[in-house]
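Below: the structure, in structure tokens.
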Amino acid sequence: MGHRNNRQHVDIASLTAETQGFSPPRLLAWAAERFARQVAFATSLGVEDQALTDMIARAAPSIAVFTIDTGRLHPQTLELVRTTRQRCGLEIQVLCPDPEEVAQMVREHGADLFYSSIDNRRLCCHVRKVNVLRRRLAGLGAWVCGLRREQSVTREAVQTIQWDQANGLVKINPLADWTIAQVWDYVRDHDVPYNPLHDEGYPSIGCQPCTRAVEPGQDIRSGRWWWESPEHKECGLHVVDGRLVRKTR
Ligand code: SF4
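Mapping the sequence shown onto the numbering used here, position 228 (from 1) lands on 229, and the numbers just tick up by one.
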């Protein structure tokens, strides 16, 4: 992958002013027009992203939708890709890690390297997620994400429209202001398919070996990389104001 010029080349303040008060579907329709074919939605198939996929199918079907199959996902998550394609009538592009990168990592550190150290866990997330995302975002003008400010204190800086310095493009978070109750209301009102693991105590679903169910009332991220301390719990996909932020994926 060549070097990307990550210098900000759009006026985020004017885009924000232009879209002030837009509902998420209207914002998505605006993004489809403003960025033409240069905008894509990265779905983790979590409940926020399922709501966004439904909105895109209804209001902005020209936005490309893609997901990353890390090779370690739950079968329920893979099944949800198929169900969502059928229900929403949208193509969902499934991207995979570079097999050579994976093979080398497994040769050197073993298949379950993530349990042995934070560095190894980050290496795995980079090979299986971050590098794949960066390749897909190269050349785009904007990407859509399901980040919400309410998700955690590290997300208080999340804006509806912001500059993604790490990847050098605009990041659009249509649900930045939504509560989890609003997300579930939307999903139920529109009969949007969702991962059955959410009903089994998994508020946040990532890769199978790195996710477990939580007790009611526990932090939604406590089932992710549960063997690490909270400040390390990120996979490197999201950077806001120079800080990594969490996402329920
Ligand atoms: Fe690897 Fe776990 Fe990260 Fe998935 S969540 S990419 S299995 S370390």
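We put the CB at the ideal spot given by N, CA and C, even for glycine. The model shown is predicted, which means the values in this text are computed figures rather than measured ones.
Other residues of its chain near residue i: CB distance less than 8 Å, five sequence neighbours each side excluded
{"i": "isoleucine 93", "result": "Thr44, Thr54, Val66, Phe67, Thr68, Val82, Thr85, Arg86"}
{"i": "leucine 91", "result": "Thr54, Ile57, Ala58, Pro62, Val66, Thr85"}
{"i": "arginine 73", "result": "Arg129, Cys208, Gln209, Pro210, Cys211"}
{"i": "asparagine 121", "result": "His110, Leu114, Phe115"}
Residue from the options whose Cα sits closest to the Cα of residue i
{"i": "isoleucine 57", "options": "Gly47, Ile13, Ala41", "result": "Ala41"}
{"i": "valine 184", "options": "Pro204, Leu170, Ile173", "result": "Pro204"}
{"i": "tyrosine 140", "options": "Gly90, Cys126, Asn168", "result": "One point to set straight first is that residue 140 is glycine, not tyrosine, in the sequence displayed. Of the candidates Gly90, Cys126, Asn168, the one whose C-alpha sits nearest the C-alpha of glycine 140 is Asn168."}
{"i": "leucine 138", "options": "Asp190, Arg38, Leu29", "result": "Arg38"}
{"i": "alanine 60", "options": "Pro26, Gly47, Tyr195", "result": "Pro26"}
{"i": "alanine 214", "options": "Gly202, Leu124, Gln166", "result": "Gly202"}
{"i": "cysteine 125", "options": "Trp144, Leu79, Gln105", "result": "Gln105"}
{"i": "isoleucine 173", "options": "Val159, Arg122, Glu101, Asp186", "result": "Val159"}
{"i": "proline 231", "options": "Arg88, Thr180, Ile181, Ile119", "result": "Ile119"}
{"i": "leucine 79", "options": "Tyr195, Ala18, Arg35, Ala52", "result": "Tyr195"}
{"i": "alanine 143", "options": "Pro100, Ala33, Ala18", "result": "Ala33"}
{"i": "glutamine 77", "options": "Asp200, Val145, Pro217, Asp190", "result": "Asp200"}
Cβ-based neighbour list, residue i, same chain, cut-off 6 Å, excluding 5 preceding and 5 following
{"i": "aspartate 70", "result": "Val95, Cys97"}
{"i": "valine 133", "result": "Ile69, Leu96, Pro98"}
{"i": "tryptophan 164", "result": "Gln9, Ile13"}
{"i": "glutamate 49", "result": "Gly147, Leu176, Val184"}
{"i": "glutamate 102", "result": "Val128"}
7 Å Cβ shell around residue i - same chain, five flanking residues per side excluded
{"i": "cysteine 211", "result": "Phe115, Arg225, Trp226"}
{"i": "histidine 31", "result": "In the sequence as presented, histidine is not what sits at residue 31; that position holds tryptophan. Within the same chain, tryptophan 31 has close Cβ partners Thr20, Phe23."}
{"i": "leucine 238", "result": "Lys130, Val131, Leu134, Lys248"}
{"i": "isoleucine 162", "result": "Ile13, Leu16, Thr17, Thr20, Val171, Ile173"}
{"i": "cysteine 89", "result": "Thr54, Asp55, Ala58"}
Exposure of residue i, with buried meaning 16 or more beta-carbon neighbours within 10 Å
{"i": "histidine 75", "result": "buried"}
{"i": "leucine 198", "result": "buried"}
{"i": "methionine 2", "result": "Low confidence applies to methionine 2: its pLDDT is 41, below 50, so where it sits in the model is not reliable, and the reading given next is rough at best. Exposed, because fewer than 16 other Cβ atoms sit within 10 Å of the Cβ of methionine 2."}
{"i": "aspartate 242", "result": "Per-residue confidence for aspartate 242 stands at a pLDDT of 46, beneath the threshold of 50, marking its modelled position as unreliable; the derived number appears in the next sentence. By the 10 Å Cβ count, aspartate 242 comes out exposed."}
{"i": "leucine 46", "result": "buried"}
{"i": "arginine 108", "result": "exposed"}
{"i": "tryptophan 228", "result": "exposed"}
{"i": "aspartate 220", "result": "exposed"}
{"i": "arginine 149", "result": "buried"}
Residues that DSSP places opposite residue i in a beta bridge
{"i": "leucine 96", "result": "Ile69"}
{"i": "arginine 225", "result": "Thr212"}
{"i": "leucine 74", "result": "Cys208"}
Inset, instruction - Can you check the stretch 99-151 for any beta strand (DSSP E) of at least 3 residues that lies completely inside it and give the ranges in chain order? - result: Counting only runs of 3 or more residues that sit fully inside the stretch 99-151, the beta strand (DSSP E) segments are 143-145, in chain order.
Legend entry - Secondary structure, beta strand (DSSP E): runs of 3+ residues fully inside the stretch 6-69: The stretch 6-69 contains these whole beta strand (DSSP E) runs: 40-43, 65-69.
Inset, instruction - Return the chain-ordered ranges of every alpha helix (DSSP H) run that is complete within the stretch 154-217 and spans a minimum of 4 residues. - result: Within the stretch 154-217, the complete alpha helix (DSSP H) runs of at least 4 residues are 181-190.
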